[in-house]
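So the sequence lines, in the order shown, correspond to chains A and B. Residue numbers for the first sequence follow my numbering, so the first one is 1105 and each next one is one higher. Residue numbers for the second sequence follow my numbering, so the first one is 1105 and each next one is one higher. For reference, the structure discussed in these notes is given below.
Number of protein chains: 2
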Amino acid sequence: MAKNVPEVVARRLPRYYRYLGELLGQGVNRISSRTLSEKMRVTASQIRQDLNCFGGFGQQGYGYNVYDLHEAIGEILGLNNHYRMIVIGAGNVGRAVANYAGFRRRGFNIEAVFDVKPELIGSEINGIPVLDAANLGEYCRTHLPHIAAVAVPGAAAPDIVEVLEGSGILGIWNFSHSDFECSVPVETVHMSDSLMTLSYRITNPKK
Amino acid sequence: MAKNVPEVVARRLPRYYRYLGELLGQGVNRISSRTLSEKMRVTASQIRQDLNCFGGFGQQGYGYNVYDLHEAIGEILGLNNHYRMIVIGAGNVGRAVANYAGFRRRGFNIEAVFDVKPELIGSEINGIPVLDAANLGEYCRTHLPHIAAVAVPGAAAPDIVEVLEGSGILGIWNFSHSDFECSVPVETVHMSDSLMTLSYRITNPKK
């Protein structure tokens, strides 16, 4: 279905999905490409082009059915896959990830948290067990989680990634402030990018 | 200097800045627009176009001076402003922000954390005092912080934002999973967007 989608289009899909979900929550069933484009701050022709990459969903003179479009984008994003996820690192970031209920709602089910600290091993975060990071490889080979969120200090990340790569993980969600080469997809959360954007907007107010 | 820059270009600048900083760390002094474009995964002509928005920095046949370009983008982003920042919410996300040393290095100096929990008020996070959220408005009017990171539960965010808006804050960095209208710039960190992108990349592997 989603062949040769430019990366820049793929990167906009989560925003479309999130925004359409908000509309659904507000009881909005139908939206014009113009209104959608205003809310998303891209041009209406961009919206049509983006969605045409996947076969096109709109109807001339009607606009988009919000529910159908939300479902379709969710499917393209693979959100119906019911991923099993693990979190490596029970520090502030790892805890924030483990505590956020929204991930489960979107099909990401966190099954275990790993840490090296003896005082944390055996405890629970949000009902999720904290396991010994020494057993990470074995756990992955037996439980076959799909996604690992890596929330360890940058210096510890390469060793963790090496274990994960060899254990059948499908993708890594990286919070470690450390870039690395990897044979599976890695998405890195660069929180400071949005802080820099805020700085830009403060420094360059719209006339 | 930075007039009428399209938002999409402005949003790429933090990535340029971050990547150029990595090059500097590796001792790289000069880069061609072609190499820069490969690393950034945008076309070389896009790179030239982007940087031309700000007056252009490259030299034909030489490429870009990494240090000069990094400095120039940092200035455009307003990173020389030495912002005073506060964090509202001493939960996992607030703590993660307060503990990350990288922000200070980039000119964002966190001066106080605010929370409502009596057992946290009076403590310190990374040497930063935790103050009573009841005094947030007064603190802002006397200390004039520039940026507030809002890391409170979504339901608590609107009241906090109302206090901040009336107190001279210049921008809000929002982690609250809650969207709101505001008279000052707001940048919201949507962590789940990158998780959805990871899901997309797992579901649609490159051929």
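Note that CB positions come from ideal geometry on N, CA and C, so glycine has one too.
Selection from the options that minimises the alpha carbon distance to residue i
{"i": "A:Y1045", "options": "A:N1133, A:T1246, A:V1267, A:A1148", "result": "Residue 1045 of chain A lies beyond the residue range present for chain A, which begins at 1105 and ends at 1311; the question has no answer from this structure."}
{"i": "B:E1291", "options": "A:V1293, A:S1287, A:C1286, A:D1297", "result": "A:D1297"}
{"i": "B:P1165", "options": "B:Q1150, B:S1137, B:G1182, B:N1156", "result": "Per the sequence presented here, residue 1165 of chain B reads as Gly, with Pro not at that position. The shortest Cα separation from B:G1165 among B:Q1150, B:S1137, B:G1182, B:N1156 belongs to B:S1137."}
{"i": "A:V1217", "options": "A:A1205, A:R1245, A:A1237", "result": "A:A1237"}
{"i": "B:H1247", "options": "B:L1224, B:A1259, B:V1267, B:I1273", "result": "B:I1273"}
{"i": "A:D1283", "options": "B:Y1123, B:L1235, B:R1115", "result": "B:Y1123"}
{"i": "A:S1287", "options": "A:P1262, A:I1177, A:H1294, A:H1281", "result": "A:P1262"}
{"i": "B:I1151", "options": "B:Y1120, B:I1251, B:Y1243", "result": "B:Y1120"}
{"i": "B:E1215", "options": "B:A1202, B:G1167, B:E1242, B:G1206", "result": "B:A1202"}
{"i": "A:S1271", "options": "A:H1294, A:A1259, A:L1240, A:L1299", "result": "A:L1240"}
{"i": "A:M1144", "options": "A:Y1168, A:R1116, A:A1200, A:F1158", "result": "A:R1116"}
{"i": "B:K1221", "options": "B:F1212, B:G1195, B:E1142", "result": "B:G1195"}
{"i": "B:F1158", "options": "B:L1128, B:L1299, B:I1180", "result": "B:I1180"}
{"i": "A:I1251", "options": "A:A1114, A:T1139, A:F1212, A:Q1163", "result": "A:F1212"}
{"i": "A:G1167", "options": "A:Q1153, A:L1140, A:N1156, A:D1154", "result": "A:L1140"}
{"i": "B:A1200", "options": "A:K1310, A:M1295, A:S1303, A:H1186", "result": "A:M1295"}
{"i": "A:G1125", "options": "A:E1242, A:V1146, A:V1234, A:A1176", "result": "A:A1176"}
{"i": "A:L1299", "options": "B:Y1243, B:Q1130, B:I1225, B:H1186", "result": "B:H1186"}
{"i": "B:N1169", "options": "B:H1281, B:I1135, B:I1225, B:N1156", "result": "B:I1135"}
Buried/exposed call for residue i, threshold 16 Cβ in 10 Å
{"i": "B:D1219", "result": "buried"}
{"i": "B:P1289", "result": "buried"}
{"i": "A:P1118", "result": "buried"}
{"i": "A:V1112", "result": "exposed"}
{"i": "A:P1249", "result": "buried"}
{"i": "A:H1174", "result": "buried"}
{"i": "A:R1073", "result": "Since the displayed chain A opens at 1105 and closes at 1311, residue 1073 of chain A lies outside it and no answer follows."}
{"i": "A:T1307", "result": "buried"}
{"i": "B:T1301", "result": "buried"}
{"i": "A:G1178", "result": "buried"}
{"i": "B:R1227", "result": "Residue identity check: residue 1227 of chain B is Ser in the sequence provided, not Arg. Per the 10 Å Cβ criterion, exposed."}
{"i": "B:R1210", "result": "buried"}
{"i": "A:G1182", "result": "buried"}
{"i": "B:P1110", "result": "exposed"}
{"i": "A:R1208", "result": "exposed"}
{"i": "A:S1149", "result": "exposed"}
{"i": "A:N1230", "result": "exposed"}
{"i": "B:A1205", "result": "exposed"}
{"i": "B:R1245", "result": "exposed"}
{"i": "B:V1293", "result": "buried"}
{"i": "A:G1198", "result": "buried"}
{"i": "A:A1114", "result": "buried"}
{"i": "A:A1259", "result": "exposed"}
{"i": "B:S1303", "result": "buried"}
{"i": "A:M1105", "result": "Residue placement at A:M1105 is flagged as unreliable, the pLDDT there being 48, under the threshold of 50; a coordinate-derived value is accordingly withheld."}
C-beta neighbour in chain D for residue i, strict 8 angstroms
{"i": "B:V1191", "result": "In the structure shown, chain D does not exist; the protein chains are A and B."}
Open item on the list: Runs of 3 residues minimum, wholly inside the segment 1207-1264 of chain A: which ones carry the beta strand (DSSP E) assignment?
Closed with: Listed in chain order, the complete beta strand (DSSP E) runs (minimum 3 residues) inside the segment 1207-1264 of chain A are 1212-1219, 1232-1236, 1251-1254.
Task: Positions along the segment 1112-1137 of chain B whose CB lies within less than 7 angstroms of some CB in chain A - done: Residues of the segment 1112-1137 of chain B with a C-beta less than 7 angstroms from any C-beta of chain A: A1114, R1115, L1117, P1118, R1119, Y1121, R1122, listed in chain order.
Task: Cβ-based contacts, 7 angstroms cut-off: residues of the segment 1289-1305 of chain A near chain B - done: Listed by position, the residues of the segment 1289-1305 of chain A near chain B (Cβ gap below 7 angstroms) are P1289, E1291, V1293, H1294, M1295, S1296, D1297, S1298, L1299, M1300, T1301, L1302, S1303, Y1304, R1305.
TODO: Determine contact between the segment 1249-1258 of chain A and the segment 1178-1192 of chain A, defined as no fewer than three beta-carbon pairs at a distance below 8 angstroms.
DONE: Touching, yes, given that three or more Cβ pairs across the two stretches are closer than 8 angstroms.
TODO: Could you name the residues of the segment 1175-1186 of chain B whose beta carbon sits closer than 8 angstroms to any beta carbon of chain A, in the order they occur along the chain?
DONE: Residues of the segment 1175-1186 of chain B with a Cβ closer than 8 angstroms to any Cβ of chain A, in chain order: I1180, L1181, G1182, L1183, N1185.
Open item on the list: Three Cβ pairs or more, each shorter than 8 angstroms: is that satisfied between the segment 1259-1266 of chain A and the segment 1270-1285 of chain B?
Closed with: They do not touch, by the three-pair rule.
Task: Secondary structure, beta strand (DSSP E): runs of 3+ residues fully inside the segment 1273-1309 of chain A - done: DSSP runs (the beta strand (DSSP E)) wholly in the segment 1273-1309 of chain A: 1275-1278, 1290-1292.
- [ ] Pull out every residue of the segment 1199-1223 of chain A whose Cβ sits closer than 7 angstroms to any Cβ of chain B, in chain order.
- [x] Residues are counted here when their Cβ sits less than 7 angstroms from a Cβ of chain B; for the segment 1199-1223 of chain A these are R1199, A1200, N1203, G1206, F1207, R1210, F1212, given in chain order.
TODO: Could you tell me which uninterrupted beta strand (DSSP E) segments, each at least 3 residues in length, are contained entirely in the segment 1135-1193 of chain B, listed from first to last along the chain?
DONE: Fully contained in the segment 1135-1193 of chain B are the following beta strand (DSSP E) runs of length 3 or more, in chain order: 1187-1192.
Open item on the list: For the segment 1223-1247 of chain A, list every residue whose C-beta sits within 9 angstroms of some C-beta in chain B, in sequence order.
Closed with: Here the close residues number zero.
Open item on the list: Residues of the segment 1251-1276 of chain A in Cβ contact with chain B at a cutoff of 7 angstroms, in chain order, please.
Closed with: Those residues of the segment 1251-1276 of chain A that come within reach of chain B (Cβ to Cβ, closer than 7 angstroms) are I1251, L1274, G1275.
Task: chain B contacts from the segment 1146-1174 of chain A (Cβ-Cβ distance under 7 angstroms) - done: Listed in sequence order: no entries.
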